[in-house]
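J.: All residue numbers for the sequence shown refer to the working numbering, where the first residue is 1 and numbers rise by one. Quick one: the structure is below, and I'll ask about it shortly.
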Amino acid sequence: MDRKINFLDTSNRTSYKKYISNNFFDVIVIGGGITGSGVCLDASTRGLKTCLIEMNDFASGTSSKSTKLIHGGLRYLEQLKFRLVHETGSERAVLHDIAPHIVKSEKMLLPILRNGKLSKFSTKIALQVYDYLANVKTNDKNKILSKNQTIKLEPLLKHNDLLGGALYSEYRTDDSRLTIDIIKRSYKNGAYPINYIKFKNFLFDEKGIINGVVCEDQLSEENINIFTKKVVNASGSWTDNVINDSNKKLVLSKGIHIVIPQKTFPIKQSLYFDALDSRMIFAIPRGKVVYIGTTDSKFNHGSDSLTVKREEVDYLINSVNTKFSISLKINDVVSSWVGLRPLIKDGEKDVTEISRKDEIFISDNGLITITGGKLTGYRKMAERVVDLVIKKLKNKKIKSITRSLKLFDSDYNFCKIQSRKYGISTDEFSRLYNIYGDGCLEIFKIFNEEANCDEIIIAEFLYCRRREMCLSLKDFFTQRNSVVYFEIDQLEYYLKLLKKYLISHSIMNSSEWKLEVKNLKDYVKGITKFN
C-alpha cells in the first residue's frame, strides 16, 4: 500500500491520477454516493484492492439530498415490506454506534388527525410492529399521546382536527458527511477513491468481459484508463446510463426540501405529518432553521430539469399552513435542495407506490450493478455486493467487518478535552465536532499553528482541501459543511474571510476566485429562486 503521498490532498491530484492509471485493481466502484462509498469500504476491509471513481464531488447527488434521517421506514409497513423495515430499522443502531457524531437519536412526533392517513388504533398497531421489527430499545419505544399531550409537545399544531399523537424514535444524520467519512475510512483501509473522474466506457478482454474503464478527468478533460478484475456499478440515478441497455432498470423519483428560518416556523420538535394529498412529509429543526420535505414525482432524464419548481415549494408550504397555526409564504424560504431517488421498476406502479428495496443485477459482460435501496441500508447493500464480488473472483470468503468498524479514531470526550487545549469555545467545538467528528482536532491544530489563520472557517477550508479532496468553494459549502442549506445567512461573511486569506497566501489568484464564486453563486441562485 503506497501511503507516502496523501492522495486526499488536492495538491497531489496529478500524482494520484498517475498512480491509479498505473495499477491493477481487484474492483472498481463507479459512483461516490452512499452506496458506492459503502461498497468501497467493505471491499477494502476484506483485502480487495479497490478504486472508486465519482464524476462530480463525493455525495453530490442523491446522497446529499435526502431527508437526512437514518430511519426504519415506517411508511413501508403499508406496503407489507417487513424485511425492509426489519433490516433498515436494525441498521439504525449499528450506524449510531459506528458514527455517533453524525447519527443521533431523534424523537419524531406524528400528529393523529380526524380523517387523516392514520387513525389512533392503526398508528398504535403500526408502531408496535415497527418497534418489534426495528429492534427498538425499551426507553425508545413509541408512546401514544392524548390531544393535550400532543399540543404541549408542539403548540403550533392546529387543534380543530387533532385527535392525539404518537412519539417514536428515529435517527437524524448528515448524509453527505456520512458518505465522506466512509470514503475517508476506506482510504485509510487501502482503497483509492477519487472525485471528478467520470466513467465514459468499458474496456474488454478477448472474451468480451469487462477488464477496465475509460474515464475523463472533469477538471483537466484528460482521459484515463484504469484496469481491474471486476466493476461494480453503484451510480444511483445514473445506473441505466452506465449499463447502457435498452431494458431500463430504474424509475427516478424527484424530491425537494425547503429551508425556513426557525424564528419564522418555531416548531419545538421534529414532526411527520399529513401533507395536502395522501402522502406524509417531515418538518425537522436543525440549528437556526427548519427543513421540510419531501415531494415525490416522476423524473425523466433529458426531458425534465433537476430544479426546484414553484409549485413544488407551494405544495410543501401549503401542507404546513393547513396543519399548523402559521402562514408561511414563498419569501420565507431561504434555501432548498433537490435530488433523485433511484427506484427499481415495478410494473406500471407510480413512484409513490414503489418500494425502496435494493437489487443486484449481473450483466453478460461481467458488470455487477447495485441500485435502489435507502440511505439507512447502505451497509447491508455493500455487504451483499462484496460477497458476490468475492464469489466471482473465487477468492477465499472473508466476512464483512463494517458492522463494528468505527468511522472515527477518537471519541467525543477525548476531542472535547483536546479542544480546550486549543482554546476553542464550547459552541465552536460542538459545531465542528458534529460535522467532522475527530477531524475537528486537525482543524483546531491548523487554526492554532498556521500563521495568519485567524478565523476558524479558514482552518476548516484548509482541512477539507488537505484531507477530504475538496476542490472548490462549492464543494466546501455544499457537501463539506452544508452552509448553503443551513447557514446561508453566513455565506457572504465566510466568503469575505476566505477571499482575503486564499488570495494573500496564493492558494487562489483573483481570476480563480471570481470563477469559484460565480459557480457557487449560480448554484445558490438555483436553490433560492423558484420558477
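Ideal Cβ positions, reconstructed from N, Cα and C, are used throughout, including at glycine.
#1: What are the boundary residues of the beta strand (DSSP E) that includes residue 215?
#2: Going by CA-CA distance only, name the one from 104, 203, 512 and 495 that's closest to residue 433.
#3: Hey, residue 124 and residue 167 are a contact pair by Cβ (cut 8 Å); roughly how many whole angstroms apart?
#4: Verify whether the separation of the beta carbon atoms of residue 257 and residue 336 is less than 9 Å.
#5: Residue 295: which of 11, 351 and 409 sits nearest, CA to CA?
#6: Are the stretch 277-290 and the stretch 235-250 in contact at 8 Å, needing three or more beta carbon pairs?
#7: Spatial neighbours of residue 442 within its chain, please: CB distance less than 8 Å, with the 5 preceding and 5 following residues excluded, ordered by chain position.
#8: Out of curiosity, what's the CA-to-CA distance linking residue 521 and residue 503?
#9: For residue 21 and residue 227, what's the separation of their Cα atoms in angstroms?
#10: If we ignore side chains and look at the alpha-carbon of each, how far apart do residue 1 and residue 389 end up?
#11: Do you know how far the Cα of residue 95 is from the Cα of residue 436?
#12: Mapping DSSP to helix, strand and coil, what is residue 1?
#13: Using a Cβ-Cβ cutoff of less than 7 Å, which residues in the same chain neighbour residue 532 once the five nearest sequence positions on both sides are dropped?
#14: What runs of the alpha helix (DSSP H), each 4 residues or longer, lie entirely inside the stretch 227-313?
#15: Quick check: the Cα distance between residue 317 and residue 448, rounded to an integer number of angstroms?
#16: Can you tell me whether residue 523 is helix, strand or coil according to DSSP?
#17: What does residue 201 pair with, by DSSP beta-bridge criteria?
#18: Hey, out of 320, 82, 7 and 34, whose CA is closest to residue 188's CA?
#19: Cβ of residue 412 within 9 Å of Cβ of residue 457?
#20: From which residue to which residue does the beta strand (DSSP E) around residue 469 run?
#21: Flag this pair as touching only if the stretch 36-50 and the stretch 385-405 have three or more C-beta atom pairs under 8 Å; answer yes or no.
#22: How many angstroms separate the CA atom of residue 234 from the CA atom of residue 382?
#23: So residue 532 and residue 57 are supposed to be a Cβ contact under 8 Å. How far apart are they, rounded?
#24: Taking Cβ positions, are residue 35 and residue 267 nearer each other than 9 Å?
#25: Do residue 178 and residue 405 have their C-beta atoms within less than 9 Å of each other?
#26: Helix, strand or coil for residue 26 per DSSP?
#27: Starting from residue 530, trace the alpha helix (DSSP H) both ways and give me its first and last residue.
#28: Under a three-way DSSP split, which group does residue 460 fall into?
#29: If I'm right that residue 37 touches residue 182 with Cβ under 8 Å, what's the distance once you round it to whole angstroms?
#30: So the beta strand (DSSP E) residue 93 belongs to, where does it begin and stop?
#31: Do the CB positions of residue 164 and residue 111 come within less than 9 Å of each other?
#32: For residue 480, which residues from the same chain have a beta carbon less than 7 Å from its beta carbon, with the 5 sequence-adjacent residues on both sides left out?
#33: Whole angstroms is fine: what's the gap from residue 5's alpha carbon to residue 29's?
#34: Measuring alpha carbon to alpha carbon, tell me which residue in 154, 475 and 460 is nearest residue 283.
#35: Which word fits residue 121, buried or exposed, when buried means at least 16 other C-beta atoms lie within 10 angstroms of its C-beta?
#36: Measuring CB to CB, does residue 156 end up less than 9 Å from residue 326?
T.: On the basis of the coordinates in this document:
#1: Locating residue 215 in the sequence shown gives position 215, where the first residue counts as 1. From DSSP, the beta strand (DSSP E) with residue 215 extends over 210-217.
#2: As a first step, residue 433 is located in the sequence shown; it is residue number 433 there, counting from the start. Ranking the options by Cα distance to residue 433, first place goes to 104.
#3: On the sequence shown, position 124 is the one that residue 124 refers to. On the sequence shown, position 167 is the one that residue 167 refers to. With 8 Å as the limit, residue 124 and residue 167 do not qualify as a contact, their Cβ atoms being about 12 Å apart.
#4: What you label residue 257 is simply residue 257 of the sequence shown in a count that begins at 1. What you label residue 336 is simply residue 336 of the sequence shown in a count that begins at 1. For residue 257 and residue 336, yes; Cβs fall inside 9 Å.
#5: Taking the sequence shown and counting its residues from 1, one reaches residue 295 at position 295. Cα-wise, what sits closest to residue 295 is 351.
#6: no
#7: By one-based count along the sequence shown, residue 442 stands at place 442. The answer, listed in chain order, is 463 and 467.
#8: The residue given as residue 521 occupies position 521 in the sequence shown. The residue given as residue 503 occupies position 503 in the sequence shown. Each residue's alpha carbon lies about 19 Å from the other.
#9: Locating residue 21 in the sequence shown gives position 21, counting from the first residue. Locating residue 227 in the sequence shown gives position 227, counting from the first residue. Those two C-alpha atoms are separated by around 7 Å.
#10: Taking the first residue of the sequence shown as position 1, residue 1 is located at position 1. Taking the first residue of the sequence shown as position 1, residue 389 is located at position 389. For residue 1, the predicted structure reports a pLDDT of 44, less than 50, and the residue's modelled location is therefore unreliable. A value from the coordinates is still provided. The alpha-carbon atoms of residue 1 and residue 389 are separated by roughly 21 Å.
#11: Your numbering for residue 436 matches position 436 in the sequence shown. Your numbering for residue 95 matches position 95 in the sequence shown. Those two C-alpha atoms are separated by around 16 Å.
#12: Within the sequence shown, residue 1 is the residue found at index 1, counting from 1. Note that residue 1 scores a pLDDT of 44, beneath 50, so its modelled location is shaky and nothing firm can be said.
#13: Nothing in the structure corresponds to residue 532, since the chain is present only between 1 and 531.
#14: 239-243
#15: As a working mapping, residue 317 is identified with position 317 in the sequence shown. As a working mapping, residue 448 is identified with position 448 in the sequence shown. Going from the Cα of residue 317 to the Cα of residue 448 covers about 44 Å.
#16: Locating residue 523 in the sequence shown gives position 523, counting from the first residue. The answer is helix: DSSP assigns residue 523 an H, G or I state.
#17: As a working mapping, residue 201 is identified with position 201 in the sequence shown. BP columns for residue 201 point to 214.
#18: The residue you call residue 188 lines up with position 188 of the sequence shown. Checking every option, the nearest Cα to that of residue 188 belongs to 7.
#19: Residue mapping note: residue 412 aligns to position 412 of the sequence shown, counting from 1. Residue mapping note: residue 457 aligns to position 457 of the sequence shown, counting from 1. Contact: no.
#20: Mapped onto the sequence shown, residue 469 falls at position 469. No beta strand (DSSP E) contains residue 469, which DSSP labels as neither H nor E.
#21: yes
#22: Numbered from 1 along the sequence shown, position 234 holds the residue referred to as residue 234. Numbered from 1 along the sequence shown, position 382 holds the residue referred to as residue 382. Rounded to whole angstroms, residue 234 to residue 382 spans 10 Å at the Cα level.
#23: With the chain represented from 1 up to 531, any question about residue 532 goes unanswered, as that position is not in the structure.
#24: Residue mapping note: residue 35 aligns to position 35 of the sequence shown, counting from 1. Residue mapping note: residue 267 aligns to position 267 of the sequence shown, counting from 1. Against a cut-off of 9 Å, the Cβ pair of residue 267 and residue 35 comes out as no contact.
#25: The residue you call residue 178 lines up with position 178 of the sequence shown. The residue you call residue 405 lines up with position 405 of the sequence shown. Result no, Cβ atoms of residue 178 and residue 405 do not sit closer than 9 Å.
#26: Mapped onto the sequence shown, residue 26 falls at position 26. Residue 26 falls in the strand class under three-state DSSP.
#27: Reading the sequence shown from its first residue, position 530 is the one you call residue 530. Neither: residue 530 is in no alpha helix (DSSP H) and is coded neither H nor E.
#28: Residue numbering aside, residue 460 sits at position 460 when the sequence shown is read from its first letter. Correct three-state label for residue 460: helix.
#29: Position 37 of the sequence shown, counted from the start, is the residue given in the question as residue 37. Position 182 of the sequence shown, counted from the start, is the residue given in the question as residue 182. Going by Cβ atoms, the distance from residue 37 to residue 182 rounds to 4 Å, so yes, they are a contact pair.
#30: Working through the sequence shown from its first residue, we reach residue 93 at position 93. Where residue 93 is concerned, there is no enclosing beta strand (DSSP E), although the alpha helix (DSSP H) it sits in stretches over 82-98.
#31: Position 164 of the sequence shown, counted from the first residue, corresponds to residue 164. Position 111 of the sequence shown, counted from the first residue, corresponds to residue 111. Yes.
#32: The residue given as residue 480 occupies position 480 in the sequence shown. So the list reads 464, 468 and 470, once near-sequence residues are dropped.
#33: One-based indexing of the sequence shown puts residue 5 at position 5. One-based indexing of the sequence shown puts residue 29 at position 29. Approximately 22 Å, taken between the alpha carbons.
#34: What you label residue 283 is simply residue 283 of the sequence shown in a count that begins at 1. Of 154, 475 and 460, the residue nearest in Cα terms is 154.
#35: Within the sequence shown, numbered from 1, the residue matching residue 121 stands at position 121. By the 10 Å Cβ count, residue 121 comes out exposed.
#36: For the purposes of this step, residue 156 is taken as residue 156 along the sequence shown, with counting starting at 1. For the purposes of this step, residue 326 is taken as residue 326 along the sequence shown, with counting starting at 1. The answer is yes: Cβ separation under 9 Å.
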